[in-house]
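Participant: Add 10 to a position in the sequence shown, counting from 1, and you land on the number used in the numbering used here. Got a structure for you, written out below as C-alpha cells; questions coming shortly.
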Amino acid sequence: MSEIQTTLEKFGRYQKRLCIILFVGALPSAFVTFQFLITHHQPSYYCNYGAFAFESNNETSSQEVTGASEVVASKSGNDTDSDRCHTTTTHQDVKGHTHNQTAEGCVFYSTHTSVVTEYDLVCQKAWVKPFLVAIFMVGMMLGGQCGGTLSDKFGRWKILFLASLWQLAATFLSSFAWNVPSYGFSIFLCGLPCAVTAQASTLIGSEFVSASKRGFTYFCIAAGFSVGYMVLPVTAYFIHDWRWWLRFITLAGVLTMPCIWLLDETPIWLVATGRNEEASKLLKRIRKYNRENRGTDLEEFEKFEPALNKEETLSVWSIMSSLARISSLLGRLLIVFFAWLVVNMTYYAIALNNDRLSGDWLWNMFFAGLVELASSLGFVICAQTVGRRNTYIALMTLTTFSLATTPFVASINGTAGVVFSMVSKFNVSTCFSIVYVYTGELFPTNVRHTILALSSAISRLGGILAPFIIYADEIGGSIASSIGMAVAIFVSALTFLYLPKTKDKALPQTLKDAKAMRSDIFLSCNREKESKTVVSPD
Numbered sequence: 011m012s013e014i015q016t017t018l019e020k021f022g023r024y025q026k027r028l029c030i031i032l033f034v035g036a037l038p039s040a041f042v043t044f045q046f047l048i049t050h051h052q053p054s055y056y057c058n059y060g061a062f063a064f065e066s067n068n069e070t071s072s073q074e075v076t077g078a079s080e081v082v083a084s085k086s087g088n089d090t091d092s093d094r095c096h097t098t099t100t101h102q103d104v105k106g107h108t109h110n111q112t113a114e115g116c117v118f119y120s121t122h123t124s125v126v127t128e129y130d131l132v133c134q135k136a137w138v139k140p141f142l143v144a145i146f147m148v149g150m151m152l153g154g155q156c157g158g159t160l161s162d163k164f165g166r167w168k169i170l171f172l173a174s175l176w177q178l179a180a181t182f183l184s185s186f187a188w189n190v191p192s193y194g195f196s197i198f199l200c201g202l203p204c205a206v207t208a209q210a211s212t213l214i215g216s217e218f219v220s221a222s223k224r225g226f227t228y229f230c231i232a233a234g235f236s237v238g239y240m241v242l243p244v245t246a247y248f249i250h251d252w253r254w255w256l257r258f259i260t261l262a263g264v265l266t267m268p269c270i271w272l273l274d275e276t277p278i279w280l281v282a283t284g285r286n287e288e289a290s291k292l293l294k295r296i297r298k299y300n301r302e303n304r305g306t307d308l309e310e311f312e313k314f315e316p317a318l319n320k321e322e323t324l325s326v327w328s329i330m331s332s333l334a335r336i337s338s339l340l341g342r343l344l345i346v347f348f349a350w351l352v353v354n355m356t357y358y359a360i361a362l363n364n365d366r367l368s369g370d371w372l373w374n375m376f377f378a379g380l381v382e383l384a385s386s387l388g389f390v391i392c393a394q395t396v397g398r399r400n401t402y403i404a405l406m407t408l409t410t411f412s413l414a415t416t417p418f419v420a421s422i423n424g425t426a427g428v429v430f431s432m433v434s435k436f437n438v439s440t441c442f443s444i445v446y447v448y449t450g451e452l453f454p455t456n457v458r459h460t461i462l463a464l465s466s467a468i469s470r471l472g473g474i475l476a477p478f479i480i481y482a483d484e485i486g487g488s489i490a491s492s493i494g495m496a497v498a499i500f501v502s503a504l505t506f507l508y509l510p511k512t513k514d515k516a517l518p519q520t521l522k523d524a525k526a527m528r529s530d531i532f533l534s535c536n537r538e539k540e541s542k543t544v545v546s547p548d
C-alpha cells in the first residue's frame with residue numbers, strides 16, 4: 011500500500027474530528043426530510059355544518075345543527091364507515107321536510123396547525139397531501155442527479171456546503187407560503203438539495219477512512235440523522251404553528267453550518283482530478299493534525315495516480331455507455347437500482363404513515379426516531395461482522411414477513427400493529443444505510459458520486475409512490491399494498507445474492523477494479539463447472 015493510502019486510512023485525530031462534524035451536519039437533514047410529519051399532520055376532525063334555517067307555511071323556525079356526519083380519521087388505521095368523509099348531510103325538520111346541508115369546512119381537534127388544517131386538505135382535497143410529498147420527492151430526484159455530476163466535477167465539499175445552504179433557505183421560504191401552489195413550489199426547491207447532502211456526506215466519510223472504518227463513519231451520519239428525527243416531536247411539542255416551526259428548524263440548521271465549513275475536500279478526489287499539489291498540502295495538514303512526523307512528497311502521487319489510469323469524470327450517459335459494455339457491471343447496477351427503489355418506497359411508506367398508527371402522534375414519532383437510531387447501531391454491528399450484502403439479504407427477508415402480517419395484526423390489536431411496524435422500520439432503516447454505503451463500494455472513484463446520484467434518483471420513484479400508497483390504504487385498506495411491497499422486498503433480497511462482498515476490501519479505483527469484484531456465488535459456480543470439465547487425452 012502506498013504512503014498516500016496509509017495516511018488516508020489511518021483512523022487518527024483528524025478522522026475522529028471528521029466523524030463528529032458529519033454527525034452534527036446530518037441533524038438539519040432530518041429536519042428537512044421529515045418536516046411533513048409536522049407540517050402535514052392530520053389531527054382528528056369533524057365536518058362543520060354550522061346552522062341552517064328554513065321557512066314553512068309562513069311560519070319560520072330554525073334549528074341549530076352542531077353535530078357532524080361522522081368523527082374523523084381513525085388513528086388505529088382501521089377502515090370503518092365512520093372514518094370516511096362526507097361533505098353533505100341530510101337533516102329533517104320537525105315537520106318532516108328534508109334539507110341537504112353542505113359542510114362549511116372542517117373543525118380539527120388539535121392545538122397544532124399544519125398545512126392540512128390551514129387549507130382543509132381532507133375529504134375531496136385529501137389527494138393534495140400525497141401530491142405535495144411527491145413534488146418534494148421529484149425535487150430530491152432531480153437535485154440528486156445534478157448534484158452527483160457536479161460533485162464528481164467540482165468536488166464533494168463545495169457541493170455539500172452549497173446544498174446545505176440551499177435546503178435551509180428553501181425551508182425558510184416555505185414558511186411564508188400564501189397558498190397551496192406557492193407551498194408546493196417552495197417544497198420542490200427544498201427537495202432539490204436533500205439527496206445531495208446525504209450523498210456528499212457519505213462519500214466524504216468513505217474517502218477519508220479505511221475500509222474497516224467506512225461503516226463507522228456512516229454510522230455517525232445516520233446517528234446524527236436519527237437524533238434529528240427524535241428532536242422533531244420535541245420541537246413540535248413546544249411550537250404548535252407550522253410556519254414558526256419551519257423558521258425554528260431553519261435557525262437550528264444555520265447553527266450547524268460552521269461545522270460543514272471545517273470539512274476538507276477528499277484527497278482521493280483531488281488526485282483523481284489531477285490536483286496533486288492541493289492533495290499534497292492537505293495530506294501534510296492531516297499528518298500534522300494526527301501528530302505524524304512523515305512528510306508528503308509529490309513523488310508519492312506519481313505512484314498512486316497511475317492506479318486511477320487518469321480516468322476523467324464521466325457524464326451520466328458516458329457512464330451508462332461504459333457499463334453497458336460490461337455485462338457484470340450493468341447487472342450490478344440494475345440490482346442496485348431496484349434495491350434503492352424498493353428500500354425507499356418501503357422506508358417512506360412506513361415513516362410517513364405516522365398519523366395512522368395507534369397512540370399519540372408525537373410519541374410515535376419519537377419512538378420512530380429511536381428505532382432509526384437503533385438501526386444505525388445495528389448497521390455498524392451487522393455490516394462489520396456479517397457484511398453489507400448478507401445483512402441486507404437477512405433483514406429484507408425478515409421484513410417480508412413483518413410487513414405482510416402488519417395489517418392483520420393491527421386489525422386485532424393497535425399496539426401490536428405499531429410494534430410490527432417499528433420492526434419493519436428497523437429492518438428497512440438498516441438496509442437504507444447499507445445501500446448508501448454498499449453502492450459506493452461497488453463502483454470506481456471518478457464515477458462513484460454520479461452512480462450514487464443515479465441510484466438515488468431511481469429511488470425517488472419509490473419515494474413518490476409512498477405517499478400515494480398511504481392514500482390508497484386510507485381509501486381501500488392496507489392489505490394489498492403491504493403484500494405487494496413484501497413481494498418486491500423479497501425479490502430484492504434474492505437479487506443481492508449475485509453481488510460481491512465488500513467487507514474490509516479497498517474501494518475500487520477504476521472500472522477494471524470494479525469489474526474484478528465477483529460474487530462468491532458466481533465464483534463457486536465457475537469452480538463447479540471447472541471441476542466437471544473433463545480434458546480428453548491427446
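Using N, Cα and C, we set each Cβ at its ideal position, and we do this for glycine too.
(1) Shortest alpha-carbon distance to tyrosine 357 belongs to which of Phe226, Gly473, Ile259, Tyr24?
(2) Taking Cβ to Cβ, would you say aspartate 274 is nearer than 9 Å to arginine 295?
(3) Taking C-alpha atoms, which residue in Thr227, Leu521, Leu47 lies nearest to serine 331?
(4) Closer than 6 Å by C-beta to arginine 253: which residues in its own chain qualify, once you throw out the five before and the five after it? Chain order, please.
(5) Under 8 Å, with one C-beta from each stretch per pair, do the region 439-455 and the region 395-405 reach the 3-pair mark?
(6) Considering only residues of the region 441-466, which uninterrupted alpha helix (DSSP H) runs meet the minimum length of 4 residues and lie entirely inside it, listed in chain order?
(7) Tell me which same chain residues have a C-beta within less than 7 Å of the C-beta of valine 219, skipping the five on either side of it?
(8) Can you tell me whether phenylalanine 118 is helix, strand or coil according to DSSP?
(9) Under DSSP, the alpha helix (DSSP H) around glutamine 177 begins and ends at which residues?
(10) Of the residues Thr159, Pro510, Gly153, Ala187, which one's Cα is nearest the Cα of serine 174?
(11) Just the C-alpha distance for leucine 199 and phenylalanine 229, rounded to the nearest angstrom, thanks.
(12) Pick helix, strand or coil for serine 220, following the three-state DSSP scheme.
(13) Out of Val42, Arg27, Ala490, which has the shortest C-alpha to C-alpha gap to tryptophan 255?
(14) Can you list, in chain order, the residues of its chain with a C-beta nearer than 6 Å to that of tryptophan 167? Leave out the 5 residues immediately preceding and following it.
(15) Where valine 457 and threonine 212 are concerned, what is the direct C-alpha to C-alpha distance, given to the nearest angstrom?
(16) Should serine 386 and alanine 208 be called a contact, given that it needs their Cβ atoms to be closer than 9 Å?
(17) I need the DSSP call for phenylalanine 21, collapsed to helix, strand or coil.
(18) Looking only at its own chain, which residues have a Cβ that is under 6 Å from the Cβ of serine 71, when we skip the five neighbours before and after it?
(19) Taking its Cβ as the centre, do 16 or more other Cβ atoms sit within 10 Å of glutamate 451, making it buried, or is it exposed?
(20) Report the three-state DSSP secondary structure of glycine 397 (helix, strand or coil).
(21) Find the nearest neighbour of threonine 121 within the set Gly238, Gly369, Pro53, judged by alpha-carbon distance.
(22) Rounded C-beta distance between leucine 170 and alanine 205? I'm assuming under 8 Å.
(23) Using DSSP with H/G/I as helix, E/B as strand and the rest coil, what is threonine 260?
(24) Helix, strand or coil for isoleucine 493? Go by DSSP, reduced to three states.
(25) Go to valine 132, then tell me how far its alpha helix (DSSP H) extends in each direction, as first and last residue.
(26) Rounded to the nearest angstrom, what separates isoleucine 482 and alanine 136 at their Cα positions?
(27) Buried or exposed, going by whether 16 or more other CB atoms sit within 10 Å of the CB of alanine 61?
(28) Could you check what DSSP says for asparagine 374 in three-state terms: helix, strand or coil?
(29) Does the distance from the C-beta atom of methionine 234 to that of glycine 35 stay below 9 Å?
(30) Quick one: what does DSSP say glutamine 155 is sitting in, helix, strand or coil?
(31) Am I right that leucine 37 and threonine 266 are in contact with their C-beta atoms under 8 Å? What's the rounded C-beta distance?
(32) Candidates Leu178, Lys513, Gln134: which alpha carbon is nearest valine 264's?
(33) Assuming contact is defined by CB atoms lying nearer than 9 Å, are glycine 201 and valine 132 in contact in what I supplied?
(34) Can you tell me whether arginine 528 is helix, strand or coil according to DSSP?
(35) Output the distance between the C-alpha atoms of serine 337 and leucine 362, rounded to the nearest integer angstrom.
(36) In whole angstroms, what separates the C-alpha of arginine 23 from that of threonine 245?
Facilitator: Taking the definition as stated:
(1) In the sequence shown, counting from the first residue as 1, residue 357 sits at position 347. Cα-wise, what sits closest to tyrosine 357 is Gly473.
(2) Walking along the sequence shown from the start, residue 274 turns up at place 264. Walking along the sequence shown from the start, residue 295 turns up at place 285. Yes, they are a contact pair.
(3) Residue 331 sits at position 321 when you count from the first residue of the sequence shown. Measuring from the Cα of serine 331, the nearest candidate turns out to be Leu521.
(4) Start at 1 with the first residue of the sequence shown, and residue 253 comes out as number 243. Excluding residues within five positions, the ones whose Cβ falls inside 6 Å are Ser185.
(5) yes
(6) List check, alpha helix (DSSP H) in window: nothing returned.
(7) The residue you call residue 219 lines up with position 209 of the sequence shown. Same-chain partners within the cutoff: Glu19, Phe21, Gln25, Thr227.
(8) Mapped onto the sequence shown, residue 118 falls at position 108. In this structure, phenylalanine 118 counts as strand in the three-state DSSP scheme.
(9) Reading the sequence shown from its first residue, position 167 is the one you call residue 177. Counting along the chain, the alpha helix (DSSP H) containing glutamine 177 begins and ends at 166-184.
(10) Taking the first residue of the sequence shown as 1, we reach residue 174 at position 164. Nearest option by C-alpha distance: Gly153.
(11) Counted from its first residue, the sequence shown places residue 199 at position 189. Counted from its first residue, the sequence shown places residue 229 at position 219. Cα to Cα, the separation comes out at about 28 Å.
(12) Here residue 220 corresponds to residue number 210 of the sequence shown, with the count starting at 1. Secondary structure of serine 220 (DSSP, three-state): coil.
(13) Start at 1 with the first residue of the sequence shown, and residue 255 comes out as number 245. Just measuring C-alpha positions, the residue of Val42, Arg27, Ala490 sitting nearest tryptophan 255 is Val42.
(14) Stepping through the sequence shown from its first residue, residue 167 is reached at position 157. Result list for tryptophan 167: Leu273, Glu275, in chain order.
(15) By one-based count along the sequence shown, residue 457 stands at place 447. By one-based count along the sequence shown, residue 212 stands at place 202. So the two alpha carbons sit approximately 14 Å from each other.
(16) Position 376 of the sequence shown, counting from 1, holds the residue named residue 386. Position 198 of the sequence shown, counting from 1, holds the residue named residue 208. No, Cβ-Cβ distance for serine 386 and alanine 208 is not below 9 Å.
(17) Position 11 of the sequence shown, counting from 1, holds the residue named residue 21. The answer is coil: DSSP assigns phenylalanine 21 none of H, G, I, E or B.
(18) Here residue 71 corresponds to residue number 61 of the sequence shown, with the count starting at 1. Summary for serine 71: the model assigns pLDDT 38, below 50, so the residue's position carries little reliability, and this model does not support an answer.
(19) Here the question's residue 451 lines up with position 441 in the sequence shown. So glutamate 451 ends up on the buried side.
(20) As a working mapping, residue 397 is identified with position 387 in the sequence shown. Note: glycine 397 maps to coil in three-state DSSP.
(21) Here residue 121 refers to the residue found at position 111 when the sequence shown is read from its first residue. Ranking Gly238, Gly369, Pro53 by Cα distance to threonine 121 puts Pro53 first.
(22) Within the sequence shown, the letter at position 160 stands for residue 170. Within the sequence shown, the letter at position 195 stands for residue 205. Distance from leucine 170 to alanine 205 at the Cβ level is roughly 12 Å; contact not present, criterion being Cβ atoms closer than 8 Å.
(23) Translated into the one-based positions of the sequence shown, residue 260 becomes position 250. In this structure, threonine 260 counts as helix in the three-state DSSP scheme.
(24) For the purposes of this step, residue 493 is identified with residue 483 of the sequence shown, where counting begins at 1. In the structure shown, isoleucine 493 falls within a helical segment according to DSSP collapsed to helix, strand and coil.
(25) Locating residue 132 in the sequence shown gives position 122, counting from the first residue. Careful: valine 132 lies outside any alpha helix (DSSP H) and carries neither H nor E.
(26) By 1-based counting over the sequence shown, the position of residue 482 is 472. By 1-based counting over the sequence shown, the position of residue 136 is 126. Sequence check: residue 482 is alanine here, not isoleucine. If I take the Cα positions, the gap works out to 11 Å.
(27) Residue numbering aside, residue 61 sits at position 51 when the sequence shown is read from its first letter. Residue placement at alanine 61 is poorly supported in this model, since its pLDDT is 49, which falls under 50; the coordinates are not used for a value here.
(28) For the purposes of this step, residue 374 is taken as the residue at position 364 of the sequence shown. The answer is helix: DSSP assigns asparagine 374 an H, G or I state.
(29) Taking the sequence shown and counting its residues from 1, one reaches residue 234 at position 224. Taking the sequence shown and counting its residues from 1, one reaches residue 35 at position 25. Correcting the residue type first, residue 234 is glycine in the shown sequence and not methionine. Yes, these two residues count as a Cβ contact at 9 Å.
(30) Sequence index remark: in the sequence shown, residue 155 carries index 145 (1-based). In the structure shown, the three-state DSSP call for glutamine 155 is helix.
(31) Here residue 37 refers to the residue found at position 27 when the sequence shown is read from its first residue. Here residue 266 refers to the residue found at position 256 when the sequence shown is read from its first residue. Indeed they touch by this definition, with Cβ atoms about 6 Å apart.
(32) Counting from 1 along the sequence shown, the entry for residue 264 is found at position 254. It is Leu178 whose Cα lies nearest to the Cα of valine 264.
(33) Taking the sequence shown and counting its residues from 1, one reaches residue 201 at position 191. Taking the sequence shown and counting its residues from 1, one reaches residue 132 at position 122. No.
(34) Locating residue 528 in the sequence shown gives position 518, counting from the first residue. In this structure, arginine 528 counts as coil in the three-state DSSP scheme.
(35) Position 327 of the sequence shown, counted from the first residue, corresponds to residue 337. Position 352 of the sequence shown, counted from the first residue, corresponds to residue 362. The alpha-carbon atoms of serine 337 and leucine 362 are separated by roughly 37 Å.
(36) What you label residue 23 is simply residue 13 of the sequence shown in a count that begins at 1. What you label residue 245 is simply residue 235 of the sequence shown in a count that begins at 1. C-alpha separation (whole angstroms): 34 Å.
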